[in-house]
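In what follows, a structure is listed as structure tokens, so that the remarks can point back to it.
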Amino acid sequence: MGEAKGLRLIQGGVVVSEFDKPSPKPVSVKARAVSLLAQREYSRQALQEKLAAEDASAEEVEQALAQLEARGLVDDTRVAETLVNRRAGKLGGMRLRQELQAKGVSAEVVADTMASLKDSELARALAVWQKKYGRVATDATTRHRQARFLATRGFSGDVVRRIVAGMDERD
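Per the working numbering, the sequence shown starts with residue 4, numbered consecutively.
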């Protein structure tokens with residue numbers, strides 16, 4: 004019979020996997036946070052939740068986050084800008100707000116981001132609508148379908164009504 008790799012027999016008949024050994028050096032909370040941030044951007048709250056789930060003390064997590072914020076590695080504004088740059092062309096303000104809040108971005112950063120997007124909402128909705136439909140609906144069923152399409156993407160009711168009724172930003 005072949006020998007099982009990764010397993011060894013200890014005196015007393017206990018089979019132990021080499022993978023069961025504890026790591027020789029525990030990774031610090033700060034090092035784990037930097038490792039997570041190297042993969043993608045995290046808001047302060049999301050990173051705090053992720054680190055707390057790994058059995059780190061609240062004090063260690065808070066200290067690591069403070070150090071990372073001081074260095075500019077944790078920044079809710081940057082997280083918001085990244086999400087908005089990626090998704091604003093397809094989504095309205097309400098949906099973007101929901102996604103920012105789900106990512107744990109602070110309330111004041113969300114408010115600032117939404118204020119900067121308010122002026123472009125009609126133009127963004129019109130671009131999304133034109134790509135999908137391109138012309139004003141002639142019957143009520145199609146108008147409802149178009150309105151639902153824009154509403155599910157988070158555009159405000161006023162903007163949806165204006166576009167579905169045929170009033171674009173030139174009016």
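All C-beta atoms in this analysis are idealised placements derived from N, C-alpha and C, irrespective of residue type, glycine included.
Keeping to the same chain, check which residues put their C-beta closer than 8 Å to that of residue i; ignore five residues upstream and five downstream.
| i | result |
| --- | --- |
| Glu-124 | Gly-95, Gly-96, Phe-158, Ser-159, Val-162 |
| Glu-172 | Bear in mind that the predicted position of Glu-172 carries a pLDDT of just 44, short of 50, making it too unreliable to give a figure here. |
| Leu-40 | Leu-50, Leu-71, Leu-76, Val-77 |
| Glu-102 | Leu-86, Arg-90, Leu-94 |
| Ala-56 | none |
Going by the CB atoms, is the gap between residue j and residue i shorter than 8 Å?
| i | j | result |
| --- | --- | --- |
| Arg-156 | Arg-98 | yes |
| Val-112 | Asp-79 | yes |
| Val-32 | Leu-50 | no |
| Ala-67 | Ala-110 | no |
| Phe-131 | Lys-93 | Checking the sequence, you will find Val at residue 131 rather than Phe. Yes. |
| Lys-135 | Phe-152 | yes |
Please work out which residues of its chain come closer than 6 Å, Cβ to Cβ, to residue i, disregarding the five sequence neighbours upstream and downstream, and give them in chain order.
| i | result |
| --- | --- |
| Ala-168 | none |
| Arg-165 | none |
| Gly-107 | Ser-46, Gln-48, Ala-49 |
| Ala-140 | Arg-146, Gln-149 |
| Thr-85 | Glu-44 |
| Arg-138 | none |
Which stretch, first to last residue, makes up the alpha helix (DSSP H) that contains residue i?
| i | result |
| --- | --- |
| Phe-158 | From DSSP, Phe-158 is part of no alpha helix (DSSP H); its letter is neither H nor E. |
| Leu-121 | Leu is not the amino acid found at residue 121; the sequence shown has Lys there. Per DSSP, Lys-121 belongs to no alpha helix (DSSP H) and is neither H nor E. |
State the CB to CB distance for the pair residue i and residue j, rounded to an integer number of angstroms; the pair is presumed to be in contact (CB under 8 Å).
| i | j | result |
| --- | --- | --- |
| Glu-52 | Arg-81 | With 8 Å as the limit, Glu-52 and Arg-81 do not qualify as a contact, their Cβ atoms being about 18 Å apart. |
| Met-117 | Arg-89 | That pair is no contact at about 16 Å. |
Going along the chain, which residues of its own chain have a beta-carbon closer than 7 Å to the beta-carbon of residue i, five neighbours each way excluded?
| i | result |
| --- | --- |
| Asp-174 | In this predicted model, Asp-174 has a pLDDT of only 44, less than 50, meaning its place in the structure is not dependable enough to derive any value. |
Which whole runs of the beta strand (DSSP E) in the segment 59-115 are 3 residues long or more, in chain order?
none
Whole alpha helix (DSSP H) elements within the segment 25-57, 4-residue minimum:
32-42, 47-55
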